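*Asks:* Chains as they are written, first to last, in our numbering: chain F, 1 to 228; chain V, 229 to 456; chain G, 457 to 684; chain S, 685 to 912.
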DNA sequence: GATGAATGAGTTTTCATTCAT
DNA sequence: GATGAATGAAAACTCATTCAT
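1. Assign residue 98 of chain F to buried or exposed, taking buried as 16 or more other Cβ atoms, counted over all protein chains shown, within 10 Å of its Cβ.
2. Buried or exposed for residue 811 of chain S, please, with buried defined as at least 16 other CB atoms from any protein chain shown within 10 angstroms of its CB.
3. Mind the definition here: the stretch 170 to 186 of chain F touches the stretch 359 to 372 of chain V only if three or more C-beta pairs lie below 8 angstroms; say whether that holds.
4. Following the continuous alpha helix (DSSP H) through residue 115 of chain F, name the residue where it begins and the one where it ends.
5. What is the rounded straight-line gap between the Cα of residue 597 of chain G and the Cα of residue 579 of chain G?
6. What number of angstroms, rounded off, separates the C-alpha of residue 264 of chain V from the C-alpha of residue 723 of chain S?
7. In chain order, which alpha helix (DSSP H) runs of at least 4 residues are fully inside the stretch 409 to 453 of chain V?
8. So for residue 162 of chain F, helix, strand or coil by DSSP?
9. Whose Cβ in chain S lies nearer than 9 angstroms to the Cβ of residue 633 of chain G?
10. Taking the beta carbon of residue 349 of chain V as the centre, do at least 16 other beta carbons fall within 10 Å, making it buried, or is it exposed?
11. Note down, in chain order, every chain F residue with its Cβ under 7 angstroms from the Cβ of residue 449 of chain V.
12. At a CB distance below 9 angstroms, what residues from the stretch 651 to 676 of chain G approach chain S? Give them in sequence order.
13. Find out if the Cβ-Cβ distance for the pair residue 765 of chain S, residue 829 of chain S is shorter than 8 angstroms.
14. Could you pull out every residue in the same chain whose Cβ sits closer than 7 angstroms to the Cβ of residue 329 of chain V, ignoring the five residues on either side in sequence?
15. What number of angstroms, rounded off, separates the C-alpha of residue 76 of chain F from the C-alpha of residue 293 of chain V?
16. Taking three-plus beta-carbon pairs below 8 angstroms as touching, is the stretch 84 to 91 of chain F in contact with the stretch 103 to 117 of chain F?
17. Which residue wins for smallest C-alpha separation from residue 649 of chain G, given the options S/705, S/851 and S/717?
18. Chain F partners of residue 301 of chain V, CB-CB under 8 angstroms?
19. Just tell me which of V/271, V/448, V/409 and V/415 has its CA closest to the CA of residue 296 of chain V.
20. Is residue 801 of chain S close to chain G? Criterion is C-beta to C-beta, closer than 8 angstroms.
21. Taking 8 angstroms as the cut-off, decide whether the C-beta atoms of residue 182 of chain F and residue 113 of chain F are in contact.
22. Apart from the five residues on each side of it in sequence, which residues of its chain come closer than 8 angstroms, Cβ to Cβ, to residue 298 of chain V?
23. Taking a contact to mean a Cβ-Cβ separation below 8 angstroms, would you say residue 617 of chain G touches residue 667 of chain G in this structure?
24. Can you have a look at residue 702 of chain S and say buried or exposed, based on whether 16 or more other CB atoms are within 10 angstroms of its CB?
25. Using only CA atoms, which one of S/743, S/770 and S/736 lies nearest to residue 717 of chain S?
26. Between F/125, F/214 and F/224, which lies nearest to residue 200 of chain F when the distance is taken from Cα to Cα?
27. Would you call residue 159 of chain F buried or exposed, if buried means 16 or more other Cβ atoms sit within 10 Å of its Cβ?
28. Would you mind giving the Cβ-Cβ distance between residue 800 of chain S and residue 581 of chain G, rounded to the nearest angstrom? I have them listed as a contact below 8 angstroms.
29. Can you find a C-beta in chain G that's less than 8 angstroms from the C-beta of residue 726 of chain S?
30. Residue 525 of chain G touches chain S at which residues, Cβ-Cβ below 7 angstroms?
31. List the endpoints of the continuous alpha helix (DSSP H) containing residue 19 of chain F.
32. For a test of the three-state rule: what should DSSP assign to residue 298 of chain V, helix, strand or coil?
33. Would you kindly work out how many angstroms separate the C-alpha atoms of residue 149 of chain F and residue 178 of chain F, rounded to a whole number?
34. Please report the distance separating the alpha-carbon of residue 530 of chain G from that of residue 574 of chain G.
35. Is it right to say residue 664 of chain G is buried, meaning 16 or more other beta carbons lie within 10 angstroms of its own, or is it exposed?
36. Note down, in chain order, each residue of its chain lying with its Cβ closer than 7 angstroms to the Cβ of residue 873 of chain S, except the 5 sequence neighbours on either side.
What follows is the structure, given as structure tokens:
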């Protein structure tokens, strides 16, 4: 009964394909539930039973798709980082001028942090819980994301737009950390600023520190004229 | 030999004094051991038995000086923050010019972060583990420390040294977060910079963003001419 | 084979029913083991691990069916008291004359005490260990049981069979305590009497004290002519 | 310096005597404190540290006079029983008629139970906690006390005052248990009776069951005419 | 003789993981 | 493949007992 299909599939991958689809579906189910729980409690406060209940499946099923509780954490991390990898290029796409692209990128970065600020804080909280191996994967992805911003700065530098002696990578990291700061100090910042205002305020700091005075006004005009 | 002293001590509180000294000694012992362990693992991965072994005492003794495991975490936090409260004013003392004082303060801040960079990272990791009450104490101390830097910026603003429209508190938080960044991204930054160089590079970013062009050169001269 | 049944079960609650049956079976298992252990040691001397071993299950399983060690004690109490509530009415059922019914009831009471004399002694020992709430439940059941005997006495009193001025409730309590005495002083009484003899001896005491001389002989004839 | 005295003591027992006095004083201190604590909590809920605090001495001192926590419990039991052994004969002394002496004895028994009803309940609660050896001592003392009442009944029986076939020992035990009942069901009885009334009510029960009708009125007159 | 800080075995309870159904 | 009952190692914490002062 099983193993029908095959009509003209040269290498019958039906069962394997079904398996792959199911696996990815189950994993998404689990990761989604885990993310929801991890935003309010720590990884150790989330029991696998709680997780099963939240996901609407059984513990047994979780272990069919995860070999250990720690795996779930890694998938949550990768899922969060994946969002940056998807949404940043999307926001920066098609913008010629590197500084304008940087502005668009940073604004998008802040918006993602804001959309899931608990998730961003989670990353700082639980990264030590990851396995050696998992941590490396996460760090690699983070470097990749940072590089999206660094590339703009490097390009601008190549065009002679930046002040002599600025450290491209350091600036990129500064931007990333200042974006995360929105999540880390959310309790303080969110009642004084709006995300958009916050993003532009921080962009103003970095651009003033990096862009030559000659071209600076051109970019400052792009940033909201708001306070700060 | 016993029962000597008393020479002219108005209210001989020997036993109580001895007890106080022992308590503070034991607590330091425990906190030191806990800090050592927490630098390599999370709070949940550190069992009270491990801690006792590390401290070279028994579990029972730990509970004679702490009423719950969570207390230990709070003491570790307070111990770390205490260092800022002690060393920052020390470093900034006697400096007239507010921006120069800010420079001294930030450099000191980075140095403390560097001395105990695992401890600084720990603070981000475990703050959610603190009790409601403990978290409040810790936040209050952190605000107090940030305010030491904010005060300089505010004073400089009062002297008309800053660019119109800068947000004093945001800049102070930026400095604090950029100092913590040294700990958070230590794996990346420490192989490219020296702390001193790092501190000055970040100071250059913030000063350029905040100080009027007219007086900026005066302060930039104080920052190492190094790379960046 | 699976998914058969359903023949005409309106709301097939199979899983829930299975769960209920298992829960009650496990609880009985645990209570039985606990009762066995509590007969030889106190509640505090019985560790949950001991209990698990005695019950032939794991500690984890115990906590799946009990939310705290104290719950076990309450269930043991309720289990013991339940036996009185079941067996007393059974023994008294269908007997018209209230004094004859009282005799049957007391004899049954003593027999239950004898069957599980360690359990009866246990009740005196551990009632203070119960929670406020548990104690109330237990007391309510005990009052209910005592009332079964009190009702006979009250009825007899209504028929003018009792000596003027007897306190119905006190007599009922006397009977209960004298029955418990068989358990409490078992080490002494059991080597001098047989339960049946003991029960009749105590009945003779109470009846002589309560029943009018006129009708007393009628009832004394029902009591074993044995010694005493 | 030590070892003075001796003035004319043939066998210098000074130091030993001092030691004996101190030991007995310390033990009384400890037992008194333990009794106070045990009336409100169970033996396991009373920690040796609590006890030391209550007694106003140190844990070390307790272990200088007790070799284990369990010893304390035995001493508390013996102290309670000692009171019966002292006060019962005192109350019964000089009364010629055995039944009158029994009345006096039972009333005294109830009064002692009432004075320390928590202590009496304690005896039922904690007797299983005693060592094999301790339990034997306690039982022996209890038998001795019961015998004080039994002796009266036996004497009365010898004088032909009792109904044929009464079991002397059983009646004595009934009296003891009915006296204890005042402590065991104190929550119920104390709000319906006064101790004196209670004692006489129970005496009336036992005397009616044991004393020949001919002489009964004489004794009933001695019992309060109150209700019951 | 008195003290009380120190000890560590033992307690209750939780929870990641397994495996028979 | 899915389930969830069962497991038992490990955790936080207590407290009777010891012993240096």
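Glycine residues also receive a C-beta, built at the ideal position from the N, C-alpha and C atoms.
The model shown is predicted, which means the values in this text are computed figures rather than measured ones.
*Replies:* According to the data block:
1. Counting Cβ neighbours within 10 Å, residue 98 of chain F comes out buried, since at least 16 surround it.
2. buried
3. no
4. Following the DSSP letters along the chain, one finds residue 115 of chain F inside the alpha helix (DSSP H) bounded by residues 98 to 115.
5. 13 angstroms
6. 47 angstroms
7. 414 to 417, 423 to 438 and 444 to 448
8. Here residue 162 of chain F sits in strand by DSSP.
9. 861, 862, 864, 865, 868 and 869, listed in chain order.
10. That one is buried.
11. None at all; the shortest Cβ gap to chain F is about 14 angstroms.
12. 654, 657, 658, 660, 661, 662, 663, 664, 665, 666 and 669
13. Against a cut-off of 8 angstroms, the Cβ pair of residue 829 of chain S and residue 765 of chain S comes out as a contact.
14. For residue 329 of chain V, where only same-chain residues beyond five positions count, the Cβ hits under 7 angstroms are 320, 323 and 380.
15. 39 angstroms
16. yes
17. S/851
18. By Cβ distance, chain F contributes nothing, its closest Cβ being about 13 angstroms from residue 301 of chain V, past 8 angstroms.
19. V/271
20. no
21. In contact: residue 182 of chain F and residue 113 of chain F (Cβ atoms closer than 8 angstroms).
22. 357, 358, 359 and 362
23. yes
24. Counting of Cβ neighbours within 10 angstroms places residue 702 of chain S among the exposed residues, the total staying below 16.
25. S/736
26. F/224
27. exposed
28. Beta-carbon to beta-carbon, residue 800 of chain S and residue 581 of chain G are separated by about 19 angstroms, too far to satisfy the 8 angstroms threshold.
29. So yes, residue 726 of chain S belongs to the interface.
30. Those do not exist, as residue 525 of chain G stays about 13 angstroms from chain S at its closest Cβ, beyond 7 angstroms.
31. 14 to 38
32. helix
33. 13 angstroms
34. 16 angstroms
35. buried
36. The answer, listed in chain order, is 866 and 882.
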